[in-house]
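Novice: Numbering (the numbering used here), first residue to last: 1 to 174.
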């Protein structure tokens with residue numbers, strides 16, 4: 001048994017081992033990927049007062065990471081207080097797309113900004129929002145084949161057609 005192992009080791013050059021480069025440093029052969037935002041980065045955005053990036057996080061399905069944060073900055077404070085309301089609204093939009101309930105979607109987008117919310121997100125941004133898996137309302141309507149919702153979304157919110165989930169635009173699913 002030792003002779004087979006020794007023969008194999010002789011066939012490999014001294015500096016070439018699995019996972020190690022020529023200078024004996026570890027080489028990562030995995031392709032680069034986008035990493036989710038960690039708590040330090042979120043705290044940094046809050047401290048800087050970057051509402052646009054925080055809103056982008058919320059609309060990209062990462063709003064749950066913003067719950068429980070606090071800021072002294074009044075704009076950020078107002079935004080952070082409205083995050084749970086918008087998470088619920090995005091979830092209701094996603095559910096109505098899964099169930100094929102066009103009327104609920106219309107009501108949610110028409111009455112998008114309630115009196116409880118001081119921070120306002122436009123219906124155009126809400127309809128382009130994603131769930132935890134990065135899927136939009138139009139993706140779900142196409143997947144479940146609800147033609148009335150698809151037609152209404154494309155007619156009233158044409159920008160939804162160009163939003164990709166992880167790979168595909170919604171009409172590639174069809």
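In this text, a Cβ means the ideal position worked out from N, Cα and C, and glycines have one as well.
Is it true that the CB of residue 157 sits closer than 8 angstroms to the CB of residue 100?
Specialist: Along the chain shown, one-based indexing puts residue 100 at 100. Along the chain shown, one-based indexing puts residue 157 at 157. Contact: no.
Novice: Using only the alpha-carbon positions, how far apart do residue 155 and residue 126 sit?
Specialist: The residue labelled residue 155 in the question sits at position 155 within the chain shown. The residue labelled residue 126 in the question sits at position 126 within the chain shown. Going by the C-alpha atoms only, they are around 16 angstroms apart.
Novice: Pick helix, strand or coil for residue 124, following the three-state DSSP scheme.
Specialist: The sequence position of residue 124 within the chain shown is 124, counting from 1. Of the three classes helix, strand and coil, the one that applies to residue 124 here is helix, per DSSP.
Novice: Let me confirm a value: residue 167 is counted as buried when at least 16 other C-beta atoms fall within 10 Å, else exposed. Which label applies?
Specialist: On the chain shown, residue 167 is found 167 positions in, with the first residue counted as 1. Classification for residue 167: exposed.
Novice: Would you say the stretch 87–101 touches the stretch 127–146, given that touching needs at least three Cβ pairs under 8 angstroms?
Specialist: yes
Novice: Please name the residue in 89, 95, 42, 94 whose C-alpha comes closest to that of residue 57.
Specialist: On the chain shown, residue 57 is found 57 positions in, with the first residue counted as 1. For the residues 89, 95, 42, 94, the minimum Cα distance to residue 57 belongs to 42.
Novice: Residue 140 to residue 170, Cα distance in whole Å?
Specialist: Position 140 of the chain shown, counting from 1, holds the residue named residue 140. Position 170 of the chain shown, counting from 1, holds the residue named residue 170. When rounded, the distance between both Cα atoms is 8 angstroms.
Novice: Can you tell me the Cα-Cα spacing of residue 51 and residue 76, whole angstroms?
Specialist: For the purposes of this step, residue 51 is identified with residue 51 of the chain shown, where counting begins at 1. For the purposes of this step, residue 76 is identified with residue 76 of the chain shown, where counting begins at 1. Looking at the two C-alpha atoms, the distance is approximately 6 angstroms.
Novice: How many angstroms separate the CA atom of residue 39 from the CA atom of residue 90?
Specialist: To locate residue 39, count along the chain shown from 1; it is residue 39. To locate residue 90, count along the chain shown from 1; it is residue 90. Linking residue 39 to residue 90 through their CA atoms gives a straight-line distance of about 22 angstroms.
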